[in-house]
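Participant: Take a look at this one; I'll ask things after.
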């Protein structure tokens, strides 16, 4: 295959990954890495390097749109970034210590989890409860635009949320993904933040989390410019198109389709890792 | 609701202004990075008939340069700037990727300044901790 065909095929695939990632809220990284590893036969370390770069681009590129809606909470995001960036550092260093087989298996499990998580309903918004704990001292609260005016919220179970965020950062650093599904789990399920606040703040945090892994990735030689180029431009373009469509389209059918793709990739990742082909 | 904590909290309007400014910074960084990466990409494809390097083989940093694929990985930030003198497409892509990685770091710097100007010492310190972690990573990749 010539460089031109390879690059164009990669670019096209990345556009689709970015598009689906934006429409389902899972991000492009979870698709790009297995596709690069399984279809394009790229070493998984180069694949996670290219994916990490595209994750930073998508998160930063979409931030402007989210901020204008007034949902994201910069304080909650910044506080939790202590956990995600520390986790990301640990995860990024781990990539050099564990086998590619182990990375592949963990990746497969995260794919299967993401597919399940994309269907889980979110909790009903609870009335704000000031418990006098960490949330109050750190002012982890805010208001968001809802039907009938602004609604107030306060973070619950802050230590649990912080802990899950550390895990989310670790997975991001180990797998080169945004791990938005785990971040939303921490904010929506553990900290009981409104769903819209969770998803938009999560997106805001993904870029900073990924940047914490980037320095380590560079020093390990995971980031290949020739590979990162089509992946970054493709995922970024695809996710920008995706976020435009999102406003109009009914996503339930698409979400089902994407979940099937994710499950198939997850099973294939685990199988390939176990049979030593990765 | 009379909440003693509320009176120290900056107004939502102040926060919103800070967030919009940060979001604009992020978008500018991404657009600039994408342009550099695209320019570098076009330059590397000037020889479109070249065969694809074998990406299945991973070359750890320090491996013999001759063994590495034609388009070698970024191994250090300093290396990216050294290679810029060659004027190769790959070096322009690498520069674009560095701009991209710097964008979220700049966002945290921006937040530190924003919180400091709002006299929010707690969140100035929290942002500084995040910044310290990011700087540690960058220094590692230097």
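Residue numbers (this note's numbering), protein chains in the order written: chain E, 1 to 278; chain D, 279 to 420.
Think of the CB as a built atom: it goes at the ideal place given N, C-alpha and C, for glycine as much as any other residue.
As the structure is a computational prediction, the values presented were derived from the model and not from experiment.
#1: Could you run through the segment 385-396 of chain D and flag, in chain order, every residue whose CB is less than 9 Å away from some CB of chain E?
#2: Run the CB neighbour count on residue 24 of chain E, radius 10 Å, all protein chains shown included, and call it buried at 16 or more, exposed below.
#3: Taking the continuous alpha helix (DSSP H) assigned at residue 183 of chain E, which residues delimit it?
#4: Determine, for residue 297 of chain D, whether the minimum Cβ-Cβ distance to residues of chain E falls below 8 Å.
#5: Could you please give the first and the last residue of the uninterrupted beta strand (DSSP E) stretch that includes residue 98 of chain E?
#6: Between the segment 254-262 of chain E and the segment 40-51 of chain E, are three or more C-beta pairs nearer than 8 Å?
#7: Contact defined as beta carbons within less than 8 Å: I believe residue 56 of chain E pairs with residue 379 of chain D. What is the distance between those atoms, to the nearest angstrom?
#8: Can you find a C-beta in chain D that's less than 8 Å from the C-beta of residue 86 of chain E?
#9: Within the same chain, show all residues whose beta-carbon is closer than 6 Å to that of residue 345 of chain D, passing over the 5 residues directly before and after it, in chain order.
#10: Alpha helix (DSSP H) containing residue 268 of chain E: first to last residue?
#11: Quick check on residue 365 of chain D: does DSSP put it in helix, strand or coil?
#12: Find the residues of chain E that neighbour residue 323 of chain D, judging by a C-beta separation of less than 7 Å, and give them in chain order.
#13: With DSSP as the reference, please indicate the residues paired to residue 5 of chain E in a beta bridge.
#14: Decide if the segment 84-104 of chain E is in contact with the segment 205-222 of chain E; the criterion is three or more beta carbon pairs, one per stretch, under 8 Å apart.
#15: Any beta carbon of chain E sitting closer than 8 Å to that of residue 294 of chain D?
#16: What are the boundary residues of the beta strand (DSSP E) that residue 144 of chain E is part of?
#17: So residue 291 of chain D contacts chain E; which residues on that side make the cut at Cβ distance below 9 Å?
#18: Is the CB of residue 271 of chain E under 8 Å away from at least one CB in chain D?
#19: Which first and last residues belong to the beta strand (DSSP E) in which residue 151 of chain E is found?
#20: Whole angstroms are fine: how far does the CA of residue 3 of chain E sit from the CA of residue 366 of chain D?
#21: Please state the DSSP three-state secondary structure of residue 350 of chain D.
#22: Which residues in the same chain have their Cβ closer than 7 Å to the Cβ of residue 164 of chain E, if we skip the five residues on either side of it in sequence?
#23: Using a C-beta cutoff of 8 Å, does residue 356 of chain D count as contacting chain E?
#24: Given that residue 308 of chain D touches chain E, what residues does it touch there, using C-beta distances under 8 Å?
#25: Flag this pair as yes or no: are the beta carbons of residue 381 of chain D and residue 301 of chain D separated by less than 8 Å?
#26: Beta-carbon of residue 255 of chain E versus every beta-carbon of chain D: anything under 8 Å?
#27: Can you confirm whether residue 13 of chain E, when its beta carbon is compared against all beta carbons of chain D, has any partner nearer than 8 Å?
#28: Per DSSP, what kind of secondary structure is residue 409 of chain D in: helix, strand or coil?
#29: DSSP state of residue 24 of chain E, grouped into three classes?
#30: Quick one: what does DSSP say residue 199 of chain E is sitting in, helix, strand or coil?
#31: Distance check for residue 37 of chain E and residue 47 of chain E, CA to CA, integer angstroms please.
#32: So, using beta-carbon positions, are residue 67 of chain E and residue 297 of chain D closer together than 8 Å?
#33: For residue 243 of chain E versus residue 22 of chain E, is the C-beta distance shorter than 8 Å?
#34: If you draw a straight line from the alpha carbon of residue 277 of chain E to that of residue 54 of chain E, how long is it in whole angstroms?
#35: Quick check on DSSP: helix, strand or coil for residue 15 of chain E?
#36: Does the beta carbon of residue 260 of chain E fall short of 7 Å from some heavy atom of the ligand ADP?
Facilitator: Quick look at the numbers:
#1: 385, 386, 389, 392, 393
#2: By 1-based counting over the first chain, the position of residue 24 of chain E is 24. By the neighbour-count rule (16 or more Cβ atoms within 10 Å), residue 24 of chain E is buried.
#3: As a working mapping, residue 183 of chain E is identified with position 183 in the first chain. Per DSSP, residue 183 of chain E belongs to the alpha helix (DSSP H) from 180-184.
#4: Taking the first residue of the second chain as 1, we reach residue 297 of chain D at position 19. With 8 Å as the cut-off, residue 297 of chain D counts as an interface residue toward chain E.
#5: If you number the first chain from 1, residue 98 of chain E lands on position 98. Per DSSP, residue 98 of chain E belongs to no beta strand (DSSP E) and is neither H nor E.
#6: no
#7: For this step, residue 56 of chain E is matched to residue 56 along the first chain. For this step, residue 379 of chain D is matched to residue 101 along the second chain. With 8 Å as the limit, residue 56 of chain E and residue 379 of chain D qualify as a contact, their Cβ atoms being about 6 Å apart.
#8: Counting from one through the first chain, the residue named residue 86 of chain E turns up at place 86. By this cut-off, residue 86 of chain E is an interface position.
#9: Taking the second chain and counting its residues from 1, the one referred to as residue 345 of chain D is at position 67. With a pLDDT of 46 at residue 345 of chain D, under the threshold of 50, the modelled position of that residue is not reliable, and no figure is offered here.
#10: Sequence index remark: in the first chain, residue 268 of chain E carries index 268 (1-based). It spans 252-274 - the alpha helix (DSSP H) in which residue 268 of chain E sits, taken as one unbroken run.
#11: Mapped onto the second chain, residue 365 of chain D falls at position 87. Of the three classes helix, strand and coil, the one that applies to residue 365 of chain D here is coil, per DSSP.
#12: In the second chain, the residue the question calls residue 323 of chain D occupies position 45. The contacting residues are 3, 4, 7.
#13: Locating residue 5 of chain E in the first chain gives position 5, counting from the first residue. According to DSSP, which records beta bridges pairwise, residue 5 of chain E is partnered with nothing at all.
#14: yes
#15: Taking the second chain and counting its residues from 1, one reaches residue 294 of chain D at position 16. Residue 294 of chain D counts as touching chain E.
#16: Taking the first chain and counting its residues from 1, the one referred to as residue 144 of chain E is at position 144. Taken as a continuous stretch (DSSP letters only), the beta strand (DSSP E) holding residue 144 of chain E covers 141-146.
#17: Along the second chain, read from residue 1 onward, the residue named residue 291 of chain D stands at position 13. Neighbours of residue 291 of chain D on chain E: none; closest Cβ ~11 Å, over 9 Å.
#18: Position 271 of the first chain holds residue 271 of chain E. It does not: the Cβ of residue 271 of chain E has no partner Cβ on chain D nearer than 8 Å.
#19: One-based indexing of the first chain puts residue 151 of chain E at position 151. Run containing residue 151 of chain E: 149-154, per the beta strand (DSSP E) assignment.
#20: In the second chain, residue 366 of chain D corresponds to position 88, counting from 1. In the first chain, residue 3 of chain E corresponds to position 3, counting from 1. Cα to Cα, the separation comes out at about 16 Å.
#21: Against the second chain, residue 350 of chain D aligns to sequence position 72. Three-state DSSP puts residue 350 of chain D in coil, outside helix and strand.
#22: As a working mapping, residue 164 of chain E is identified with position 164 in the first chain. Closer than 7 Å at Cβ, skipping near neighbours: 182, 185, 186, 190.
#23: Position 78 of the second chain, counted from the start, is the residue given in the question as residue 356 of chain D. Not an interface residue.
#24: Numbered from its first residue, the second chain carries residue 308 of chain D at position 30. Residues of chain E passing the Cβ test: 57, 60, 61, 236.
#25: By one-based count along the second chain, residue 381 of chain D stands at place 103. By one-based count along the second chain, residue 301 of chain D stands at place 23. No, the Cβ-Cβ distance between residue 381 of chain D and residue 301 of chain D is not below 8 Å.
#26: As a working mapping, residue 255 of chain E is identified with position 255 in the first chain. Output row for residue 255 of chain E: interface = no.
#27: For this step, residue 13 of chain E is matched to residue 13 along the first chain. No, residue 13 of chain E does not count as interfacial toward chain D.
#28: The count along the second chain starts at 1 and reaches residue 409 of chain D at position 131. Helix.
#29: Within the first chain, the letter at position 24 stands for residue 24 of chain E. In this structure, residue 24 of chain E counts as helix in the three-state DSSP scheme.
#30: By 1-based counting over the first chain, the position of residue 199 of chain E is 199. Note: residue 199 of chain E maps to helix in three-state DSSP.
#31: Walking along the first chain from the start, residue 47 of chain E turns up at place 47. Walking along the first chain from the start, residue 37 of chain E turns up at place 37. Cα to Cα, the separation comes out at about 6 Å.
#32: On the first chain, position 67 is the one that residue 67 of chain E refers to. On the second chain, position 19 is the one that residue 297 of chain D refers to. In contact: residue 67 of chain E and residue 297 of chain D (Cβ atoms closer than 8 Å).
#33: The residue labelled residue 243 of chain E in the question sits at position 243 within the first chain. The residue labelled residue 22 of chain E in the question sits at position 22 within the first chain. A contact, by the Cβ cut-off of 8 Å.
#34: Translated into positions along the first chain, residue 277 of chain E becomes position 277. Translated into positions along the first chain, residue 54 of chain E becomes position 54. The alpha-carbon atoms of residue 277 of chain E and residue 54 of chain E are separated by roughly 25 Å.
#35: Here residue 15 of chain E refers to the residue found at position 15 of the first chain. Reduced to three states, the DSSP call for residue 15 of chain E is helix.
#36: Only the bare structure without any ligand can be found here, which leaves the ligand ADP out of the picture.
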